[in-house]
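Taking the numbering used here, I'd label the letters of the sequence shown as residues 6 to 306.
In this text, a Cβ means the ideal position worked out from N, Cα and C, and glycines have one as well.
Here the structure is a predicted model, which means the values were calculated and not measured.
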Amino acid sequence: MGILHKWWQVTWLIINVSFLFLSSSFVRGSNITDRLESLDDLLCKQAVNDTKGKSIKTAIVYEISIPSNLTGMKISAVRLRAVSFWYRGLNHSFLSLPPKVVAQPSMKRIAILYENLGKWSNLYFNVSNYTMIAPILGFIAYSSSEKELLDCQKIKIDTQGGNITIRFRNVSSHPKNVTPLCAKIGDNGTVEFSNMTKPYFCEAKSQGHYTLVIPSSSAKESSKLWWVLGFVIGVVVLILLALILVAIKIIKRRKIKEMEKVSEVEEAFDTFWIGDTKLPSASMIRTQPSLENEYHYRGGN
């Protein structure tokens with residue numbers, strides 16, 4: 006059973022690696038515009054199916070379940086009244102929209118779909134000469150109705166000059182002397198860079214997909230630094246373990262020598278074995294018994 010279990014684990018690992026490799030090859034080989042359209046369409050349809058038949062309430066954020074083959078992504082959606090959107094804007098999750106946002110075309114209700122691609126970010130997108138240090142976050146506006154959360158018809162939103170704020174919470178380690186850049190991946194595959202307004206906060210003017218990047222050379226240097234640091238820590242740990250073992254041996258030897266000195270000073274005993282145990286044995290001298298008749302005979306003389 007143990008061999009079969011190990012064989013199954015190895016087989017399952019090979020299947021997963023092959024799936025990721027084929028997925029990566031397929032996704033990277035396709036046009037980025039098609040990738041974006043197909044991804045947005047897939048996630049939107051998932052949101053529609055997941056909320057179908059439910060009583061949808063305005064201004065309530067709905068977490069959408071993800072298919073098992075897309076585990077790692079996170080999506081959620083919220084429906085808003087256009088009037089409320091205009092007066093209050095939106096502040097939820099990683100996204101903050103200012104007041105006075107206008108939907109184009111004009112409509113009574115608007116739905117915002119939040120996308121967090123998680124570990125799939127590098128499979129769907131690749132920023133040349135840069136390394137992503139945060140998952141891709143996207144937000145798309147759709148038309149909505151009284152009964153349905155959204156209908157997968159994209160609409161545009163105009164912030165009237167206000168700034169959209171995007172906050173990145175899960176950021177990978179990077180060199181402290183390198184400041185990440187905000188990157189917007191456009192529908193046509195173009196990438197627009199901008200500076201962070203404050204650590205891990207980006208500002209935008211329109212909906213889309215955003216991430217944080219650093220130059221690839223910086224990422225490689227950071228990776229090398231961690232490898233060197235790990236190697237040094239490993240060597241130090243091995244040296245400490247070796248010193249501890251040597252100290253233990255020295256202490257044991259000293260104790261043995263002390264015991265030998267004590268045994269030399271004390272009276273020596275013979276030894277004998279019982280099974281596998283060695284025990285001390287002392288020789289005994291006892292008075293030889295004399296017979297009663299012999300005592301009387303000697304007294305008679």
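| query | result |
| --- | --- |
| What three-state label does DSSP hand E263 in the structure shown? | helix |
| Considering only the beta carbon of each residue, do R114 and S70 sit closer than 9 Å? | no |
| Just to confirm the assignment, what range does the alpha helix (DSSP H) spanning Y92 have? | A87 to R93 |
| Compare the beta carbon distance of D163 and A116 with 9 Å and say whether it is the shorter of the two. | no |
| Where do the N-terminal and C-terminal ends of the alpha helix (DSSP H) with Y129 fall, by residue? | S126 to Y129 |
| Can you say whether A188 is buried or exposed, counting buried as having 16 or more other CB atoms within 10 angstroms of its CB? | buried |
| Considering only their Cβ atoms, is the gap separating I138 from V176 smaller than 9 Å? | yes |
| Roughly how many whole angstroms lie between the Cα atoms of N54 and I160? | 20 Å |
| How should I249 be labelled, buried or exposed, when 16 other C-beta atoms within 10 angstroms of its C-beta is the threshold for buried? | exposed |
| Over the uninterrupted beta strand (DSSP E) stretch that includes S199, give me the two end residues. | V196 to N200 |
| Do you know offhand how far I91's Cα is from S43's? | In the sequence as presented, Ile is not what sits at residue 91; that position holds Trp. Each residue's alpha carbon lies about 30 Å from the other. |
| Under 8 Å Cβ to Cβ from I190, same chain only, skipping five residues before and after it: list those, please. | I37, L41, F130, V132, I141, V196, G213, H214, Y215 and T216 |
| My output table needs one value for F31: the three-state DSSP class, helix, strand or coil. | Per-residue confidence for F31 stands at a pLDDT of 39, beneath the threshold of 50, marking its modelled position as unreliable; the derived number appears in the next sentence. Of the three classes helix, strand and coil, the one that applies to F31 here is helix, per DSSP. |
| Please name the residue in T202, E208, G77 and K210 whose C-alpha comes closest to that of G123. | G77 |
| DSSP state of L155, grouped into three classes? | coil |
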